[in-house]
Amino acid sequence: MRRDSGEVEFAGVPASELAAQFGTPLFVIDEQAFRAAAIHTKQTIERAAASIGTTAKVYYASKAFLSTEIASWLQQDGLNMDVASGGEFAAALAGGMPAARMGLHGNNKSLREIGRAVTEGIGAIVIDSEIEIERIAAAAGAQEKIQPVRLRINTGVHANTHDFLATAREDQKFGIPIKDAPALVAKIRAERHLKFLGFHQHVGSQIFAAEGFVESARRLVRLHAQELAGGEIPELNLGGGFGINYKPADQAPTLEHFIGQIMDAVAEECKALGIGVPVLAFEPGRYIAGNAGVTLYNVGTIKDVSVTDGAEPAVRKYVSVDGGMSDNARPALYEAEYHCVLAGRSSDAEPALVRVVGKHCESGDIVVRHDYLPADVAPYDLVAVAATGAYCYSLSSNYNFLPKPPVVAVANGSARLIIRGETEADLFTRDLKYQSDAATRATNG
Ligand SMILES: Cc1ncc(COP(=O)(O)O)c(C=O)c1O
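For the sequence shown, my numbering begins at 932 and goes up steadily by one.
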């Protein structure tokens, strides 16, 4: 939102105040927006499940964005969490999320990750390959426990998204093909330290069309029905993947639309097969975190570059900011598109075609590929990039030895640091020569 002064504010805190207090680049998370999206998601899914005579569990996919503070919000707001590594599990536990409300994913979980999950009493482990059946059973057996597990299925449906975001087409690393599932379910059921909770799917991420979800859900319900012959299967986990708007022209369907279509398909399929509707689980990440985050950057240099990719020769302003692919890898990874605005002031200048780029040594280091900023955009202006709440901080790196930015939560006109920014000293904490040289210097005065 823009103030009368022309400056953009976030939950009542002006951009310039945030930049002055915390520096740039800066991740700004709107606490109310995040929590409202989490609660809305939970309620929408629960209501839709009730309408087809079942209940639902909503797991926030913590890979989208995680800190102990985020975990504590989700814990208070009644969501569950899915984690994809021992580190994510540790962060969620430290934030107060009970292990019983979590699910552990991963196509290559270490024995240590499995062991800790079992010890802490994790609610479910999602099996992604045959060898994990023995590994999880052994860990549970060693602790005299019965571990609930799901089996991730690759339904073979190609979700309509970027290839690297589609996770249920055939030639990729996640899940088990449907044809192999019966043998693996039998194997799970034969392990007395495992309890089979049900099947799992995740068809991909940033999906705009419901058809892929619907077809995949139908296939999974048929598999579920078929395997009921061998024993009860209480749940069915249909994953996440609901797309969000990144640019003003994007028109993501509502969550109600996606969920309604999926629920209708599940109910119809269950009815046709003569089975009860199982408890349904979903794992949205981006839908909850994405639009709650903004990144603030400071402009450093500006260059006008002639471009000839349209009908007419044109000039594109390359606006370089003080971060880049180390705080937002998505444009380089997935050709992701973003939208930016001038945040510290407004301007009546004509819009100019811009490309916002980072400061890294890669020509693919792009933050906003195509957008418009006022033509008088200048060094030291603040630029805000919208919808960076998901898969930006969590994918951040120290490329070119850039320290990771801080994260602040804004609410009701005030800002609170929830992750401090890295300092140059942080970059050397694990460099042993640096540390021993520093110790020597300190000893020698
Ligand atoms: C297994 C699983 N569940 C859920 C998600 C969350 O997806 P999204 O953030 O698109 O909702 C992912 C993301 O890759 C995933 O791999």
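Heads up, the beta-carbon is just placed ideally off N, CA and C, and yes, glycines get one too. Every value quoted in this text rests on a predicted model; they were computed, and no experiment measured them.
How is Glu1061 classed by DSSP in three states: helix, strand or coil? coil
Taking the alpha helix (DSSP H) that Gln952 belongs to, which residues open and close that run? Ala946 to Phe953 is the extent of the alpha helix (DSSP H) around Gln952.
Rounded to whole angstroms, what's the CA-CA distance from Val1225 to Ala1318? Just pull it up for me. 6 Å
Should Gly1171 be counted as a contact of ligand 1 given a C-beta to heavy atom distance under 6 Å? yes
Where Phe1332 falls, given that 16 or more other Cβ within 10 Å makes a residue buried: exposed
So, helix, strand or coil for Phe996, using DSSP? Reduced to three states, the DSSP call for Phe996 is coil.
Is it buried or exposed, Tyr1322, if we count other Cβ atoms within 10 angstroms and call 16 or more buried? With 16 or more Cβ atoms within 10 Å of its Cβ, Tyr1322 is classed as buried.
Report the CB separation of Tyr1249 from Val1316 in whole angstroms; it is logged as a contact under 8 Å. That pair is no contact at about 15 Å.
Contact between the region 1185 to 1196 and the region 1136 to 1144: three or more CB pairs below 8 Å? yes
Go ahead and label Tyr1311 buried or exposed: buried means 16 or more other beta carbons lie within 10 angstroms of its beta carbon, across all protein chains shown. exposed
Reduced DSSP category for His1124 - H, G, I as helix; E, B as strand; rest coil: coil
Do you know how far the Cα of Ala1023 is from the Cα of Ala987? 21 Å
Comparing alpha-carbon positions, which option in Val1298, Val1116, Cys1271 and Val1285 lies nearest Leu1264? Val1298
Measuring straight from C-alpha to C-alpha, what distance separates Glu1293 and Arg1361? Computed Cα separation, rounded: 26 Å.
Is Glu1063 near ligand 1, in the sense that its beta carbon is under 6 Å from a heavy atom of that ligand? False, no ligand heavy atom lies under 6 Å from that Cβ.
Extent of the continuous alpha helix (DSSP H) to which Asp961 belongs: Element bounds for Asp961: not the alpha helix (DSSP H) but the beta strand (DSSP E), Leu957 to Asp961.
Which residue marks the beginning of the alpha helix (DSSP H) containing Leu1154, and which one marks its end? Ala1141 to Glu1158
Return helix, strand or coil for Glu938, following the three-state DSSP convention. coil
When every heavy atom of ligand 1 is checked, does at least one fall within less than 6 Å of the C-beta of Pro1215? yes
I need the DSSP call for Ile983, collapsed to helix, strand or coil. When DSSP states are grouped into helix, strand and coil, Ile983 belongs to the coil group.
Can the beta-carbon of Gln1074 be found closer than 7 Å to that of Ile1067? Cβ distance not < 7 Å, so Gln1074 and Ile1067 don't count as in contact.
Under 6 Å Cβ to Cβ from Glu962, same chain only, skipping five residues before and after it: list those, please. Ala1340 and Ala1342
Please go through the region 1237 to 1274 and give each complete beta strand (DSSP E) segment of 3 or more residues, from N-terminal end onward. 1245 to 1252 and 1271 to 1273
Count the other C-beta atoms from every protein chain shown that fall within 10 angstroms of the C-beta of Ala1220, then say buried if there are 16 or more, exposed otherwise. buried
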